[in-house]
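Mind the numbering: the sequence shown is residues 26 to 611 in the numbering used here, read in order.
Note that beta-carbon positions come from the ideal geometry of N, C-alpha and C, so glycine has one too.
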Amino acid sequence: MAETKLHPGIPVTNEFDGYEPPEDTRAFGDVYADDSRMMMADSSRRTMFDGAETSSGAEGNLDYAGGINPPGGSPGDEDKEKREASLNAQPDTTLGRPKVSTGRPAGKKKLSRRTMFDGAQASSDAEGNLDYATGGSPAPKRGRPTKKQPPLPPDTPAWWNGRKIDTTLFCEEYLKTHDLRSINGAFFTPDGYCPADKLRYAVYDEIKQYVRSYAIQTAGSVVENLKAEAKTDEAMISEDILNLRDGTFDITKPDWTYEKRFCRNRLPVTLELDPKTPENWLRFVNELLEPRDIDTLQEYMGYCLVPTTKAQKMLLIIGNGGEGKSRIGVVMRYLLGDNMNYGSIPKLETNAFARADLEHKLLMVDDDMRMEHLPTTSNLKALITSEGPMDLEKKGVQSYQGLMYCRLMAFSNGYLRSANDDSWGFFRRQLILTTKPRPEDRVDDPFLSDKLYEERDAIFRWALEGLYRLRRNNYRFTMSDKAKGNLQLAIDESNNVRSFLNSQGSFTFDKEGEITSRALYNIYRMWCEDNAETPLDQKRVIGYVRSHAHEYGLTYTTVQYQYKRVRGFRGIRAGLATPNNPVMPA
């Protein structure tokens with residue numbers, strides 16, 4: 026192996042000198058013969074090239090390190106490529122280390138098309154800047170030519186510039202030709218409430234011939250801008266005005282006009298000057314309710330025609346099923362149209378967004394109320410007696426204050442129950458009617474709904490008479506003895522403590538009598554066992570008796586028990602009053 030000394034004592038070897046590739050022993054015609062030969066040839070060429078490169082690098086290092094010419098010739102005898110390699114091996118002053126020659130010829134680097142284009146563009150920009158600096162106009166930028174927009178037709182609206190919509194200008198032009206107002210993000214016209222979807226489709230019809238891509242999304246964006254452009258703080262409600270399909274009726278005068286004013290609620294009915302008798306409707310309600318209860322229903326239907334909550338009542342109609350009570354909800358839909366919603370009473374307490382769905386509505390109907398205990402009753406009571414703005418919340422929107430006047434009507438097989446509220450404030454807000462038993466020989470009319478729809482204007486006039494009667498009674502409903510009994514049964518069913526206090530035999534009301542709280546609760550538990558009732562917990566029972574003590578002549582105080590005084594009640598004692606256990610005089 027050849028050996029060259031770079032410095033004394035430091036050998037430099039070329040490990041590929043004398044290398045001979047192995048002989049190809051594969052037979053001709055082998056499947057892998059051609060591929061193997063090609064691979065061996067490539068390997069040999071690569072090895073020879075690397076060897077030459079290493080040798081050239083060693084010679085270059087020898088020339089540089091020793092400062093002498095390589096053996097075998099002088100610098101004048103080297104070819105041009107050797108001299109260039111030697112020059113490339115000179116030290117790099119910027120890096121502080123020598124360049125290592127690879128022995129390859131230093132050819133001229135070819136420029137790519139992109140590099141050449143960038144260079145030409147830079148030169149052109151420089152020339153353009155020079156022109157601009159000397160007072161000339163800048164040279165145009167090179168690239169894809171801009172497509173010139175054709176002139177717009179003369180009938181093109183001002184809000185369209187050929188590429189996009191000027192949203193603000195569109196809203197201004199739209200409101201000039203459309204009577205529209207917005208309250209809390211809801212739209213209203215002289216015809217009443219206008220759903221946002223309906224308005225979005227109307228905007229879409231106007232812009233679709235100009236906007237060719239994402240037109241419906243653009244229409245939605247325009248509607249959002251209309252909410253701000255058409256915003257108003259005007260209430261637009263009155264409990265003395267009925268906005269009907271073809272005009273306005275003032276129930277205080279009475280006065281009728283064909284003028285349509287802005288309003289939140291317009292009813293899809295007409296005030297007939299010569300009203301007809303709704304025979305099918307009267308036949309239906311007479312089969313369903315008692316005569317005095319029909320008056321209550323008539324007043325409540327009239328109460329739902331105007332935006333007010335002065336009566337502070339909800340209507341609950343209870344039946345065993347099959348009587349047709351849900352048909353009343355269908356008729357209310359005929360009278361109120363989109364001003365009524367179907368919903369769920371329990372949902373008002375469990376869903377934070379349920380109340381906002383009732384904004385601007387006159388009535389919510391629960392046509393099949395679930396028989397479950399309400400977890401709370403605060404939302405329900407606030408909605409029934411609402412006299413001012415309420416806190417409303419919509420999904421994805423910050424809560425706001427809204428004016429609520431929606432009434433509630435429910436149909437069920439049982440009473441409305443609460444898990445934790447048995448107060449009089451919960452029950453006093455309920456009107457409870459019970460239906461007549463369904464006659465066994467009754468034949469249902471499948472076309473009854475169609476007949477009632479044809480009588481909707483006459484039914485409206487019938488309900489209007491109930492509204493007049495309710496206003497004359499200062500918004501106090503007519504209540505039959507049966508309706509009053511229904512309310513008492515609902516109270517007793519929700520809390521059996523009241524039934525226990527109204528019972529006889531387990532205790533005696535005596536002004537001089539005393540009983541401890543624990544003794545009274547033990548008597549209550551025995552009464553529940555005798556009457557197949559589920560006893561409530563001790564704290565709730567004693568709390569109810571304490572809060573209603575004045576109704577029974579009781580006083581919550583401390584009483585004597587053995588040698589100490591404990592909590593209890595004065596005015597009641599255990600046991601039935603008998604000759605041997607008489608009631609003590611006051």
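Query                                                                                                                                                                : Result
What is the rounded straight-line gap between the Cα of leucine 383 and the Cα of arginine 225?                                                                      : 22 Å
Give the single residue among Glu576, Pro179, Ser207, Thr321 whose Cα lies nearest to the Cα of tryptophan 449.                                                      : Glu576
Inspect the beta-carbon positions of glutamate 539 and arginine 590 and report whether they are closer than 8 Å.                                                     : no
Using 10 angstroms around the beta-carbon of lysine 256, count the other beta-carbons present and answer buried if the total reaches 16, otherwise exposed.          : exposed
Could you give the distance in angstroms between the alpha-carbon of glycine 600 and the alpha-carbon of asparagine 364?                                             : 58 Å
In the DSSP assignment, find the beta strand (DSSP E) that holds lysine 589 and state where it starts and stops.                                                     : 589-599
Closer than 6 Å by C-beta to tryptophan 552: which residues in its own chain qualify, once you throw out the five before and the five after it? Chain order, please. : Phe525, Ser531
How long is the line joining the alpha carbons of threonine 460 and methionine 326, rounded to whole angstroms?                                                      : 17 Å
For glutamine 323 and valine 236, what's the separation of their Cα atoms in angstroms?                                                                              : 53 Å
Taking the beta carbon of serine 403 as the centre, do at least 16 other beta carbons fall within 10 Å, making it buried, or is it exposed?                          : exposed
Do the CB positions of valine 570 and phenylalanine 594 come within less than 8 Å of each other?                                                                     : yes
So which of Arg543, Ser528, Glu537 has the shortest CA-CA distance to aspartate 555?                                                                                 : Ser528
Measure the alpha-carbon distance for glycine 596 versus glycine 578 and round it to whole angstroms.                                                                : 7 Å
Taking the CB atoms as reference points, tell me whether isoleucine 341 and leucine 441 lie closer together than 8 Å.                                                : The residue asked about is misnamed: residue 341 is leucine in this sequence, not isoleucine. Cβ distance < 8 Å, so leucine 341 and leucine 441 count as in contact.
Rounded to whole angstroms, what's the CA-CA distance from proline 178 to glutamate 249? Just pull it up for me.                                                     : 29 Å
Does chain C have any CB closer than 8 Å to the CB of alanine 483?                                                                                                   : Protein chain content of the structure displayed is limited to a single chain, and chain C is not contained in it.
Identify which residue in Leu373, Leu545, Ala381, Ala244 has its Cα closest to the Cα of tyrosine 229.                                                               : Ala244
Alpha carbon to alpha carbon, how far is leucine 512 from tyrosine 239?                                                                                              : 57 Å
State the beta-bridge partners of alanine 211 as determined by DSSP.                                                                                                 : Ile208
What does a CB cutoff of less than 6 Å around arginine 291 pick up in its chain, not counting 5 residues either side in sequence?                                    : Asp216, Gly217, Asn268
Could you check where the alpha helix (DSSP H) with glutamine 234 kicks off and where it finishes?                                                                   : Careful: glutamine 234 lies outside any alpha helix (DSSP H) and carries neither H nor E.
Can you give the Cα-Cα distance for glutamate 558 and valine 566, rounded to whole angstroms?                                                                        : 14 Å
Which full runs of the alpha helix (DSSP H) of 4+ residues lie inside the segment 408-484, going along the chain?                                                    : 449-452, 473-479
Taking the CB atoms as reference points, tell me whether arginine 352 and leucine 473 lie closer together than 8 Å.                                                  : yes
Would you check if the distance between the CB atom of asparagine 438 and the CB atom of methionine 396 is smaller than 8 Å?                                         : yes
Using 10 angstroms around the beta-carbon of asparagine 311, count the other beta-carbons present and answer buried if the total reaches 16, otherwise exposed.      : exposed
In the DSSP assignment, the beta strand (DSSP E) including valine 390 goes from what residue to what residue?                                                        : 388-391
Considering aspartate 318, what are the terminal residues of the alpha helix (DSSP H) in which it resides?                                                           : 316-328
Using the Cα positions of glutamine 242 and glycine 347, report the straight-line distance between them to the nearest angstrom.                                     : 47 Å
Please classify threonine 282: is it buried, with 16 or more other beta-carbons within 10 angstroms of its beta-carbon, or exposed?                                  : exposed
For a test of the three-state rule: what should DSSP assign to cysteine 219, helix, strand or coil?                                                                  : strand
Note down, in chain order, each residue of its chain lying with its Cβ closer than 6 Å to the Cβ of threonine 401, except the 5 sequence neighbours on either side.  : Glu374
Measuring straight from C-alpha to C-alpha, what distance separates cysteine 329 and leucine 360?                                                                    : 10 Å
Please list the terminal residues of the continuous alpha helix (DSSP H) segment that includes aspartate 517.                                                        : 506-519
Near leucine 388, what residues of its chain come up, given a Cβ to Cβ distance below 8 Å and the 5 sequence neighbours on each side ignored?                        : Cys329, Met357, Leu361, Asn364, Met365, Asn366, Cys431, Arg432, Leu433, Met434
What's the call for lysine 338, buried or exposed, on a 16-neighbour Cβ count within 10 Å?                                                                           : buried
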